[in-house]
Every structure is written in C-alpha cells, then in structure tokens.
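Undergrad: Structure in structure tokens, see below.
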Amino acid sequence: MGCTEWMEMNQKNKPQSNALAAGILSLLATSMFLAGTLYNTGYKNQEWALDQSDSAVVTALLMFHVTAIISFAVTCFLIERYPKKRST
C-alpha cells in the first residue's frame with residue numbers, strides 16, 4: 018500500500034483514525050506521568066507502599082509500564098485485523 022492509498026483510506030476511516038489518535042495521546046500522557054513519578058520517593062509515603070521495600074515499590078510502578086506496553090502491542094495487533102472501509 019502506497020502513501021497516497023493510505024491517505025485515501027485514512028480519510029474514509031476518519032472516526033477510527035480520530036479514536037486511534039486520542040488513544041495514542043492518552044497513552045503518551047499517562048506514560049509520561051508514570052515515567053516522571055517512577056523514582057519519586059513520595060510514593061514511599063503512600064498507603065499502599067508503607068510496609069513495602071524500595072525495590073517492591075519500584076517493581077510495582079514498573080509493572081504499570083510493562084502492562085501499558087503489552088496492552089499497546091495487543092491493541093496494535095487487533096486494530097490491524099479490524100475491518101476497514103474500502104473505496105468502491
């Protein structure tokens with residue numbers, strides 16, 4: 018599929034493209050927030066982290082990143098299989 022064909026298909030799938038762009042921006046904003054607070058020592062004072070070691074808190078926060086990456090990959094895989102409108 019060439020660039021012009023992709024652009025034409027993108028115009029026909031505008032609602033789907035808008036939803037995908039919103040999802041990508043949400044994932045980007047959330048991951049930037051998580052990355053900015055990953056090594057924040059203030060998390061040690063949160064109720065869920067009071068009795069946990071530093072490595073357990075960092076591991077829990079890293080799992081948020083791993084989960085986001087896995088869900089992003091699965092979503093990309095599923096979007097490719099979603100039927101798209103074709104020009105007739």
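For the sequence shown, the numbering used here begins at 18 and goes up steadily by one.
Positions of the beta carbon are idealized from the N, C-alpha and C atoms, including for glycine.
Quick caveat, the model's predicted, so the values are computed rather than measured.
How is Asn30 classed by DSSP in three states: helix, strand or coil?
TA: As a first step, residue 30 is located in the sequence shown; it is residue number 13 there, counting from the start. DSSP places Asn30 in coil when its eight states are reduced to three.
Undergrad: Mind the definition here: the segment 24-39 touches the segment 66-79 only if three or more C-beta pairs lie below 8 Å; say whether that holds.
TA: No: fewer than three Cβ pairs fall under 8 Å.
Undergrad: Quick check on DSSP: helix, strand or coil for Asp68?
TA: In the sequence shown, counting from the first residue as 1, residue 68 sits at position 51. Of the three classes helix, strand and coil, the one that applies to Asp68 here is coil, per DSSP.
Undergrad: State the Cα-Cα distance for the pair Ser185 and Ser70, rounded to the nearest angstrom.
TA: Limits of the chain in this structure are 18 at one end and 105 at the other, which puts residue 185 out of reach.
Undergrad: What's the gap between the Cα of Ile86 and the Cα of Thr21?
TA: Walking along the sequence shown from the start, residue 86 turns up at place 69. Walking along the sequence shown from the start, residue 21 turns up at place 4. Approximately 30 Å between the Cα atoms of the pair.
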